[in-house]
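Asker: In the order they appear, the protein sequences are chains A and B.
In terms of the numbering used here, the first sequence is residues 1 to 325.
In terms of the numbering used here, the second sequence is residues 1001 to 1700.
Ideal Cβ positions, reconstructed from N, Cα and C, are used throughout, including at glycine.
Just so it is clear, the structure is predicted and the values come from calculations on it, not from any experiment.
Below are the C-alpha cells for one structure; questions will follow.
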Amino acid sequence: MREFAYARARDVDAAVSLVADNPGARYLGGGTNLVDLMKLGIERPELLVDVTGLPLDEVTEDGDLLRIGALVRNSDLAAHPLVRDRYPVLSQAVLNGASGQLRNVATTGGNLVQRTRCGYFTDPTKPCNKRMPGSGCPAIEGEHHNLAILGASDHCVATHPSDLAVALAALDARIDVQDLAGPHELPLEDLYRPVGDRPDLELTIRDGALITGVALPPLPPDARTTYRKVRERASYAFAIAAVAAVLVVRDGLVSDVRIALGAVASHPWRARIAERELRGGPATAAAFEAAAIAELDAARPLRDNAYKVPLVRDLVVAVLTELAR
Amino acid sequence: MTRTWQAAPSVGHPLTRVEGLDKVTGRARYAADIPLPGLVYGWVVPATIPRGRVLGLDVAATLAMPGVLAVLHQHNAPRLTDAGDATLLLFQDDRVAHRGDPVALVIADTPERAREAAERTAVDYLPEPHDAAFRADHPRLYEPDHVNPRLPTVTDKGDVEAALAGAAVVVDHEYRTPPQHNNPMEPHSGTAVWADGRLTVYDSTQHAYGMARTLTKLFGFDPGVVRVVSEHVGGGFGAKGLTRPDAVLAVMAATLVGRPVRVTMTRPQLFPLTGYRTPTAQRIRLGADRDGRLVAVEHRASSQTSRLLEFTEQSASYSRVMYAADNLRTSHRVVALDVPTPRWMRAPGEAPGSFALESAMDELAEACGVDPVELRLRNDATTEPATGEPFSSRRLAECLREGARRFGWADRDPRPAARRDGRWWRGTGMAGAHYPARAGPTVAHATAFPDGGYVVRVGAADIGTGARTVLTQLAADALEVPVGVVRLEIGDSDFGRAQVAGGSMGTASWSWPVVTACRDLAHRLASGERLPPEGLTSTYDSTEALRALGAFARYAFGAHFAEVAVDAATGEVRVPRLTGVYAVGRVVNPLTARSQLIGGMTMGLSCALLEESIMDARFGDFVNHNLADYHVATNADVGELDVAFVDDPDDELNPSGVKGLGEIGIVGVPAAIANAVWHATGVRQRELPIGPARTITSGQ
Ligand SMILES: Cc1cc2nc3c(=O)[nH]c(=O)nc-3n(C[C@H](O)[C@H](O)[C@H](O)COP(=O)(O)OP(=O)(O)OC[C@H]3O[C@@H](n4cnc5c(N)ncnc54)[C@H](O)[C@@H]3O)c2cc1C
Ligand code: SF4
C-alpha cells in the first residue's frame, strides 16, 4: 500500500474542493471497498478525504419523497422504519448484501460506486481493460461464470456487485450529487455509463463529484415489492442473479411493473422490454415468462455463464408470480 | 507424597477446552502475534509468470524505498541442502516453477512498507511455454512409483475385465472433483530469532518437531540449534502439516539481517505456496449381480502435481478398503504441470475417492433397484478387500443401521424427482465412510511437582481440534488425579520426537507416550519414590511399541445421511439436515469429538456445494484466491447436524483405544449430498461443486 495523507472533511463544499480536480484524491466512506483495493494496489490514492463526519447520515421525509443521506450506513438504512414500511424491497436488498459487520460501516454512497469483483480487475499482475485500458480482457476467455450476460462489450464483461443499487433502480431513485459546479441530481440509471470501449470510465458524473443522497419517489399504495437474490453460498456472497420487482395488479391486469436485474450487467439492469410487454396485460406466469424471454433476447452469454439466461428467466417468473399471488 | 483421594475419571466427559478462555479473550498468542524487540518484516515477491527464468531484479531501486533493510534473492540467499521437498529450495537458482513461486523477499521495518516495496519490485523474466491445464486424458499422465503417503500405486486382485464382462449389472462413470484450498483462518506465519547460538522459530504449524528437523537439514545446522514453537494454531487442515516457505524465508532473512524477522502470508499468497487438494478425474466401474452383490470394482484416479515435487493423491485407495469384491483393481496416474504443488487437505485420498465410489454405489443401487443402505450392507467386507488382512475392528454395518434409524431412512421412497414442496425439490441420500487409524512414534515427559501439580510435555499441536484438552484428560486419568492439576505443554520441538497433527493420528500417537509415561509416574509415586523439589519425571518413547503392533487393517468407519432441497427455479442447493454415525474407537471427549465431526461434515458440505479453486491455465493461477470468491460454507449454509457414535472397542490400536476422528467427518459427505440431489431432481451430479451453474445446465 502506498503511503497516503488523510483528511476529515468539515463540510460538503470542503470535501468537494479537496477531491474534485485532484486525480490522486478519493472520498473515504466506510472504506470496505476502497481500502481493500488499496491493499491490493488497485487504488493508489495520495489523499483520502473521510466524508463520514458529514451531516448526510439521515433518512428524512421531504414532501412525498424519502431522502436518504449518502452516508447512511447500510445497516441503518435497512432497519429504518420508513424504509421498511414504504420500500421493503430496499431493506431486503441491503440485508441480502455482504455481512452484518460490513453493513455496519458501509455507506449508501460508497455502495453505489463500489467496483466490480471481477478477479482480473482485482489482481494488478494481470491485464484488465477496466484497470489498465487497452491491456485486454482476460475474463472473456477465462473465468467469467459470474460475469455479465447483458449490455457487455468485447472490452469488458464485468458486473456491478451492489444489491442496494438494484433495488434503487426498481424504485426509480434519483441521485443527488455535488461537484465544483454545485449540486445537481440525476436518475440512478443515468449514473452508470454503458460499457462500450472504455470500461475504465464507469460513471457519468464528473471525477471527484460527491454523491450526497438518494431520493425515492412514492410507490402506488397497492404496489407489492420484493427482492430475491440467488447466490452459491446461502449468505455472505455476491449475487449470481438478483431481481428487484415492483408490481401493481388491478383486476388481473398489470397496471404497473418495474423490474431491475442484478449480477447480469455492468450496472443494475432495468428490464424495460419486459416491463413494456407486461404493462396492461394479464398477470399470469405465461405472460411473465414471455416478458422475461423478450428481455433476455439481447443476452450474449459466454462459455461458462450461459446458465444465467435460464436462471434469470425462471427467477423473474418466480418472483413476479409470487408478487401477483 | 501420599495420595489421599481418588479422582473420578475424566475420559468420556465433555470437558470444555482448557485454553478456551485464553482464546476467546485474545490472550492466546498465535504465531504472528508474538511481540519481539527489534522485529522486522519480510514480504514475498511472487513470480508473475507460470514458468521460466528470473533474468534480473532491480534490487537497488527496492533498497532505496522507505523502510527497506534488505532484499533476499538467488544471489545472496544461504545455500540449502535438499530436505526432500523442492518447494523449500527457495532462491537457489533462477527457475520459476509456477506462478506465485517466490523470486525475492523484501525486508523492511513495517509490514506495510515491506509489502509496498515488494509489490514495486521490478523483476525481469524470461518466460517459457507452459502447461497448467489438468485433463483426464492428458498425454503426460503416468503411473508414479507410489502414492501419498507411501501406498502402492496399483492393486490388482482377480480378473476385473472378465468379471465385468460377465456381470449382470455394470455401472461405469467418471467423477470429477476440483482443486480446493485448505484455507485455515490463520494464515501461515513464521518468525525467526537468533539468540545465544540458538534459532527459535515461531510458526503456525501442525508439526513443530518435523519443522525443526526439516530446517536443520535444509540449512545444515548442528543438531539442537533449531527450536520451533507453535503454541496455538488457527487451523491447518493439512496445509501446515509440513514446513512451508514462510519458515524458510524467515530463517534466511533473520540470518541475513541479524534481527528477528517475521514473514506472514496474505490470503492470495497462501494459494500458490501452502498446498491444496489436487483436481481429480476418477473412473469407476462396478460389476454386480442382480441383487447388487459386487463381483468387480475398478477405481482409476488421475490427478496433477507440480514440476517441483511429485505428490499423488491416493484417491483410488478408498476402494481398497470399503466394499467386498473378488475382483478389485485400483490405480493412479499423475501429471506434472506448471502449477503450484498440491499437498494434503483434510482426508487426502478418502475425500475425493469417496465421492467417486459412494456416488457409483448409489448409481448401482438405482440400477439394481436395491436400497442404498441395503446395498452397502450386502457388500460389507470381512477382511480388507485389497489385501485380505483382518480388520482390527470394522463396524460399518452398525454405523449404516444406526444412521438409517436416526435419520428416518426406512420410510424413504426411492423414486427420484418425486417430492416437490413449493419452490423446492426434496431428496435424501447417503454414503459410507472410512479413514485409516494409525499412530506414529512420539516421546512424552510427565513431571510431578511437590505442590501437587503435574506438567506433561509432548510435541503435539492443537490446531483447534481440542488435542490439548483430550491429552489433559487422558493424562489425568493415567495419573489418577483431577484434570485441574495437570497442565499440558505442547507445540515445542524441544519436547522431542512427535507425530504430526495430521492423518487423524494426533491423539492416537501423542496419547500413547503420554498415558504410558503418566502411568509410570503414578506407579513411581505410589511406590513411594522421593519427589525432589525440581519434580519427578517419567519419559516414554512409543517407537518400539509401535514396531511390535500386530498385522491388522485398522480403520475408523462411518455413515453419512443427507437431506437436500433444490430450488426448482434457481438450482440453489440447500442441506437442511446431515446425520453422521461413526465407529472411531474410544471417544475421549464427546464435546471436542463432536466439534471435529461437525467440522468435517461442514467441510464436506462446503466441498459438495461450494469449494473450487478456479485455475486460469493461461496464467497458471488460481484466480479466486481470496475468501470472498473462494466460498467456504457459512453458518447459513449449515442446517441441523446430527452426530452419533457406535460402540467401537478395539484392543489392537494403542493404549487409549482411540482411532482418530479429525478427517472421517468429511469422507462421503459430498457423495451423500450428490446422491440426495439426484433423489431430489432426478439428475446425477458427477462433478463438484454442485452449484446452480451445474444444477441448471443439467436439466432443471
Ligand atoms: C467480503 C465482501 C462481501 C460483500 N458482499 C456484498 C454483497 O453481497 N452485496 C453488496 O451490495 N455489496 C457487497 N459488498 C460490498 C459492500 O457493500 C461495499 O464495499 C460497500 O457498500 C461500499 O461502501 P463504503 O462506504 O465502504 O465505500 P468505500 O469503500 O468507502 O468507497 C467505495 C468507493 O466509493 C467512493 N465513495 C464513497 N463515498 C462516496 C460518495 N458519497 N460520493 C462519491 N463517491 C464515494 C470511494 O471514493 C470509493 O471509490 C461486499 C464487500 C465485501 C468486502
Ligand atoms: S471483465 Fe472487465 S474488469 Fe474483468 S478483466 Fe475484463 S475488462 Fe477487466
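Take glycine 1452 of chain B and list the residues in its own chain whose beta-carbon comes closer than 7 Å to its own, dropping the five residues that flank it on each side.
Answerer: Here residue 1452 of chain B refers to the residue found at position 452 of the second sequence. Val1485, listed in sequence order.
Asker: For glycine 1052 of chain B, decide whether its Cβ has a neighbour in chain A, counting only Cβ atoms nearer than 9 Å.
Answerer: Working through the second sequence from its first residue, we reach residue 1052 of chain B at position 52. No, its Cβ sits nowhere closer than 9 Å to a Cβ of chain A.
Asker: Does chain B have any CB closer than 9 Å to the CB of leucine 311 of chain A?
Answerer: As a first step, residue 311 of chain A is located in the first sequence; it is residue number 311 there, counting from the start. It does; some Cβ of chain B falls within 9 Å.
Asker: Please identify the residue among A:Ser75, A:Ala306 and A:Pro138 whose C-alpha is closest to the C-alpha of alanine 93 of chain A.
Answerer: The residue labelled residue 93 of chain A in the question sits at position 93 within the first sequence. Closest by alpha carbon: A:Ser75.
Asker: Give me the Cα-Cα distance between proline 1040 of chain B and alanine 265 of chain A, rounded to the nearest whole angstrom.
Answerer: Against the second sequence, residue 1040 of chain B aligns to sequence position 40. Against the first sequence, residue 265 of chain A aligns to sequence position 265. Looking at the sequence itself, residue 1040 of chain B is valine, so the reference to proline does not match. Rounded to whole angstroms, valine 1040 of chain B to alanine 265 of chain A spans 45 Å at the Cα level.
Asker: Provide the residue span of the beta strand (DSSP E) that contains histidine 1445 of chain B, from first to last.
Answerer: Here residue 1445 of chain B corresponds to residue number 445 of the second sequence, with the count starting at 1. Its beta strand (DSSP E) spans residues 1443-1448.
Asker: Output the residue ranges of the alpha helix (DSSP H) runs that lie fully inside the stretch 1266-1291 of chain B and measure 4 residues or longer, sorted by chain position.
Answerer: List check, alpha helix (DSSP H) in window: 1267-1273.
Asker: How long is the line joining the alpha carbons of leucine 112 of chain A and proline 81 of chain A, rounded to whole angstroms?
Answerer: Within the first sequence, residue 112 of chain A is the residue found at index 112, counting from 1. Within the first sequence, residue 81 of chain A is the residue found at index 81, counting from 1. In a straight line, the C-alpha of leucine 112 of chain A is about 22 Å away from that of proline 81 of chain A.
Asker: Taking all protein chains shown into account, do 16 or more other C-beta atoms lie within 10 angstroms of the C-beta of valine 1071 of chain B, making it buried, or fewer, making it exposed?
Answerer: Against the second sequence, residue 1071 of chain B aligns to sequence position 71. That one is buried.
Asker: With which residues is tyrosine 1331 of chain B paired in a DSSP beta bridge?
Answerer: As a first step, residue 1331 of chain B is located in the second sequence; it is residue number 331 there, counting from the start. Correcting the residue type first, residue 1331 of chain B is serine in the shown sequence and not tyrosine. Serine 1331 of chain B is bridged to B:Arg1300.
Asker: With DSSP as the reference, label methionine 1601 of chain B as helix, strand or coil.
Answerer: Sequence index remark: in the second sequence, residue 1601 of chain B carries index 601 (1-based). Helix at methionine 1601 of chain B.
Asker: What residues in the stretch 139-165 of chain A bring their beta carbon closer than 8 Å to a beta carbon of chain B?
Answerer: From the stretch 139-165 of chain A, only Glu141, Gly142, Glu143 and His145 have a Cβ closer than 8 Å to chain B.
Asker: To be precise: take each residue of the stretch 1595-1610 of chain B, compare its Cβ to all Cβ atoms of chain A, and keep it if any distance is under 8 Å. Which residues remain?
Answerer: Here the close residues are Leu1609 and Leu1610.
Asker: Ligand 2 and leucine 201 of chain A: does the residue's C-beta get closer than 8 Å to at least one heavy atom of that ligand?
Answerer: In the first sequence, counting from the first residue as 1, residue 201 of chain A sits at position 201. Every heavy atom of ligand 2 is 8 Å or more from the Cβ of leucine 201 of chain A, so no.
Asker: Since tyrosine 1209 of chain B is in the alpha helix (DSSP H), which residue starts that stretch and which ends it?
Answerer: Start at 1 with the first residue of the second sequence, and residue 1209 of chain B comes out as number 209. Here the alpha helix (DSSP H) through tyrosine 1209 of chain B covers 1208-1219.
Asker: Does the beta-carbon of lysine 130 of chain A, which I'm using as the reference point, lie nearer than 8 Å to any heavy atom of ligand 2?
Answerer: Locating residue 130 of chain A in the first sequence gives position 130, where the first residue counts as 1. Yes, the Cβ of lysine 130 of chain A comes within 8 Å of a heavy atom of ligand 2.
Asker: Output yes or no for whether 9 Å exceeds the beta carbon distance between serine 255 of chain A and valine 246 of chain A.
Answerer: For the purposes of this step, residue 255 of chain A is taken as the residue at position 255 of the first sequence. For the purposes of this step, residue 246 of chain A is taken as the residue at position 246 of the first sequence. Cβ distance not < 9 Å, so serine 255 of chain A and valine 246 of chain A don't count as in contact.
Asker: List, in chain order, every chain B residue whose beta-carbon is nearer than 7 Å to that of valine 177 of chain A.
Answerer: Here residue 177 of chain A corresponds to residue number 177 of the first sequence, with the count starting at 1. Chain B residues near valine 177 of chain A: none, gap ~29 Å exceeds 7 Å.
Asker: Got a sec: which bits of the stretch 1623-1654 of chain B sit with their beta carbon under 9 Å from any beta carbon on chain A, in order along the chain?
Answerer: So the list reads Val1623, Asn1624, His1625, Asn1626, Ala1628, Asp1629, His1631, Val1632, Ala1633, Thr1634, Asn1635, Ala1636, Asp1637 and Val1638, given in the order they occur along the chain.
Asker: Under 8 Å from any heavy atom of ligand 2, does the C-beta of proline 238 of chain A make it?
Answerer: For this step, residue 238 of chain A is matched to residue 238 along the first sequence. Note that residue 238 of chain A is phenylalanine in the sequence shown here, rather than proline. No, the beta carbon of phenylalanine 238 of chain A sits no closer than 8 Å to any heavy atom of ligand 2.
Asker: Count the other CB atoms, across all protein chains shown, that sit within 10 Å of the CB of asparagine 1654 of chain B; report buried if there are 16 or more and exposed otherwise.
Answerer: To locate residue 1654 of chain B, count along the second sequence from 1; it is residue 654. It counts as buried.
Asker: Within its chain, find whatever has a CB closer than 8 Å to the CB of threonine 1004 of chain B; leave out the 5 residues flanking it on each side and keep chain order.
Answerer: The count along the second sequence starts at 1 and reaches residue 1004 of chain B at position 4. Only weak support is given to the placement of threonine 1004 of chain B: the predicted model assigns it a pLDDT of 36, under 50, and the question is left unresolved by the model.
Asker: Under three-state DSSP, which class holds cysteine 118 of chain A?
Answerer: Translated into positions along the first sequence, residue 118 of chain A becomes position 118. In this structure, cysteine 118 of chain A counts as coil in the three-state DSSP scheme.
Asker: DSSP on serine 1509 of chain B, reduced to helix/strand/coil?
Answerer: Here the question's residue 1509 of chain B lines up with position 509 in the second sequence. The answer is helix: DSSP assigns serine 1509 of chain B an H, G or I state.
Asker: Is glycine 1432 of chain B near serine 1354 of chain B, with beta carbons less than 9 Å apart?
Answerer: Numbered from its first residue, the second sequence carries residue 1432 of chain B at position 432. Numbered from its first residue, the second sequence carries residue 1354 of chain B at position 354. For glycine 1432 of chain B and serine 1354 of chain B, yes; Cβs fall inside 9 Å.
Asker: Any C-beta of chain B within less than 9 Å: which residues of the stretch 226-257 of chain A qualify?
Answerer: If the cut-off is 9 Å between Cβ atoms, the stretch 226-257 of chain A has Arg228, Val230, Arg231, Glu232, Arg233, Ala234, Ser235, Tyr236, Ala237, Phe238, Ile240 and Ala241 near chain B.
Asker: I need the straight-line Cα distance from alanine 1460 of chain B to valine 1669 of chain B, nearest angstrom please.
Answerer: As a first step, residue 1460 of chain B must be located in the second sequence, where it is residue number 460. As a first step, residue 1669 of chain B must be located in the second sequence, where it is residue number 669. Roughly 28 Å between the two C-alpha positions.
Asker: Using the Cα positions of tyrosine 1454 of chain B and aspartate 1033 of chain B, report the straight-line distance between them to the nearest angstrom.
Answerer: By one-based count along the second sequence, residue 1454 of chain B stands at place 454. By one-based count along the second sequence, residue 1033 of chain B stands at place 33. Using only the alpha carbons, I get a separation of about 28 Å.
Asker: Would you say glutamate 1112 of chain B lies against chain A (beta-carbon separation less than 9 Å)?
Answerer: For the purposes of this step, residue 1112 of chain B is identified with residue 112 of the second sequence, where counting begins at 1. Yes, its Cβ sits closer than 9 Å to a Cβ of chain A.
Asker: Strictly under 9 Å for the Cβ-Cβ distance: is arginine 1003 of chain B near chain A by that measure?
Answerer: The residue labelled residue 1003 of chain B in the question sits at position 3 within the second sequence. Any reading at arginine 1003 of chain B is ruled out, since the residue's pLDDT is 39, under 50, leaving its predicted position unreliable.
Asker: What residues from chain A crowd round phenylalanine 1619 of chain B, counting only those whose CB sits closer than 7 Å?
Answerer: One-based indexing of the second sequence puts residue 1619 of chain B at position 619. Correct list: Lys126.
Asker: Taking Cβ-Cβ distances shorter than 7 Å, what residues in chain D pair up with glycine 1241 of chain B?
Answerer: The structure shown contains no chain D; the protein chains it does contain are A and B.
Asker: Relative to the alpha-carbon of glutamate 43 of chain A, which residue among A:Asp123, A:Val16 and A:Ile149 has its alpha-carbon at the smallest distance?
Answerer: Along the first sequence, read from residue 1 onward, the residue named residue 43 of chain A stands at position 43. Of the candidates A:Asp123, A:Val16 and A:Ile149, the one whose C-alpha sits nearest the C-alpha of glutamate 43 of chain A is A:Asp123.
Asker: Hey, would you say the C-beta of alanine 1559 of chain B is under 8 Å away from at least one heavy atom of ligand 1?
Answerer: Within the second sequence, numbered from 1, the residue matching residue 1559 of chain B stands at position 559. False, no ligand heavy atom lies under 8 Å from that Cβ.
Asker: Check whether chain A comes within 9 Å of isoleucine 1666 of chain B, counting only Cβ atoms and requiring the distance to be less than that.
Answerer: As a first step, residue 1666 of chain B must be located in the second sequence, where it is residue number 666. Chain A contact via Cβ: absent.
Asker: Grab the span of the alpha helix (DSSP H) containing tryptophan 1678 of chain B for me, first residue to last.
Answerer: On the second sequence, residue 1678 of chain B is found 678 positions in, with the first residue counted as 1. That run of the alpha helix (DSSP H) goes 1669-1681.
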